[in-house]
Amino acid sequence: MSHESDALAHLRDLAESALHTPVEIATGQLGHATGTVVKMRGDNTDLIAKLHRSPSLHEREVHAYRAWTPHLGSTVPELIAVAPELHGIVITALPGTPLDTQSLGPDDERDAHRDAGRVLARLHALPAQAAASDITDYLADRGEHWLARLGHHITQHDAHLVREHLRLLRSTTHARVAPCHLDFQPRNLLWHTDRRTRVIDFENSREDLAARDLARLATRIWPQRPDLREAFLDGYGPLDTSDTAVLHHVTALEAVTSMAHGLQHGDDYLVDLGRRLLANLGH
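Heads up, the sequence shown is in my numbering, so the first residue is 92 and it goes up one at a time.
Structure, rendered in structure tokens:
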């Protein structure tokens, strides 16, 4: 039996102890970007067990499930068990399937994004402790890191453009700070026949600039679907001037991180996305 199999069996045992009912592993290991995942089944309870691939991902997701998601009710998973030594968790499975795997009509898509806006607004309304200036400094430094990684893959003109946006981002010290999901996009949004949107995968979550949580939607979805932007903001609420500035400047960060990750992993979509974002920033 492999180490992962042993670890998943231990997570099953923890779930049984927490739920006071037999639990079985219902699937083989499923592919997941941030670790190993299996589905489990208890008495009338569907579960997800996850082994994170790094301590930081584990700590962020556990913190989110303990500190933030209890305020979001049934729109998010519930934490059932934690195995810190394994970087493992067991959470409740949610009804629905990811939006990026569904072929919905335009009205249903808008309803799903509107409800997603409502959920994210509730998360962002929770208290945060971090200072905006510390976050903007960190993000600007990360942007410089990814610029250095790109090397000759980015022109001097585009590198200068990115640095100007990073400079402006660093000076945006009065932006809203909130608990953030930070991978808020259709693959992590479940839509169900009850016409509710639910949110999964909190391993990237941390306190950040609230508007940055909209960056994946703003750069990957809204350019082609402005109606989904309108629907989302109908649920989320209007953006203020600092939100708009943050969203504009972090597009430069999205551009260089997308390009760098795409080049590293041979992902043409991310490379093309990064180049498209850079081109749009220059206009």
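Backbone N, C-alpha and C define an ideal beta-carbon position, used for all residues, glycine too.
Residue i: which of the options sits nearest, CA to CA?
i, options, result
"Gly119", "Leu99, Thr136, Leu110", "Leu99"
"Leu217", "Leu344, Ile245, Leu372, Leu163", "Leu163"
"Ser165", "Ala184, Leu177, His178", "Ala184"
"Ala222", "Asn135, Arg297, Met131", "Arg297"
"Arg253", "Val114, Ala124, Ala174, Leu369", "The amino acid occupying residue 253 in the given sequence is Val; Arg does not appear at that position. Comparing Cα-Cα distances from Val253 to each of Val114, Ala124, Ala174, Leu369, the minimum goes to Leu369."
"Asp206", "Trp282, Pro197, Thr160, Tyr229", "Trp282"
"Asp202", "Gly373, Leu280, Leu361", "Leu280"
"Thr127", "Met350, Ile116, Ala140", "Ala140"
"Ala212", "Thr188, Leu372, Gly196, Arg267", "Arg267"
Give me, in chain order, the residues of the same chain whose beta-carbon lies closer than 7 Å to that of residue i; leave out the 5 immediate sequence neighbours on both sides.
i, result
"Met92", "Bear in mind that the predicted position of Met92 carries a pLDDT of just 43, short of 50, making it unreliable; the figure below should be weighed with that in mind. Answer for Met92: no residue qualifies."
"Leu308", "Phe275, Gln276, Phe323"
Between which two residues does the beta strand (DSSP E) holding residue i run?
i, result
"Trp282", "280 to 282"
"Gly196", "Counting along the chain, Gly196 falls outside any beta strand (DSSP E), and DSSP gives it neither H nor E."
"Glu298", "297 to 300"
"Arg366", "Run containing Arg366: none in the beta strand (DSSP E); it sits in the alpha helix (DSSP H), 359 to 372."
"Ser126", "In the sequence under discussion, the amino acid at residue 126 is Gly, which differs from the Ser named in the question. That run of the beta strand (DSSP E) goes 126 to 133."
"Gly179", "179 to 183"
"His143", "136 to 143"
"Thr118", "Note, Thr118: premise wrong, no beta strand (DSSP E); not H, not E."
Please look up how many angstroms separate the CB atoms of residue i and residue j, rounded, as I've assumed it's under 8 Å.
i, j, result
"Ala155", "His256", "Not really, about 28 Å apart at Cβ, beyond 8 Å."
"Leu142", "Glu107", "About 18 Å; that fails the 8 Å criterion."
"Leu364", "Arg311", "7 Å"
"Thr125", "Glu345", "Actually they are not in contact, since the Cβ atoms of Thr125 and Glu345 sit about 19 Å apart, beyond 8 Å."
Here's a check: name, in chain order, each residue in its chain whose Cβ is nearer than 6 Å to the Cβ of residue i, leaving out the five neighbours to either side.
i, result
"Val341", "Arg303, Ala306"
"Asp359", "none"
"His215", "Ala269, Ala301"
Which first and last residues belong to the alpha helix (DSSP H) in which residue i is found?
i, result
"His339", "332 to 356"
"Val167", "Element bounds for Val167: n/a, residue is neither H nor E."
"His251", "247 to 261"
"Pro270", "Careful: Pro270 lies outside any alpha helix (DSSP H), inside the beta strand (DSSP E) at 268 to 271."
"Leu238", "223 to 241"
"Thr310", "306 to 311"
Return yes when the C-beta of residue i is under 8 Å from any heavy atom of the ligand HEM, and no when it is not.
i, result
"Pro270", "In the structure on display, the ligand HEM does not appear, and there are no ligands present to speak of."
- Query: Just checking, does the stretch 237 to 249 make contact with the stretch 261 to 268 on the three C-beta pairs under 8 Å criterion?
  - Reply: no
- Could you tell me whether the stretch 246 to 253 touches the stretch 135 to 153, using the rule of 3 or more Cβ pairs below 8 Å? no
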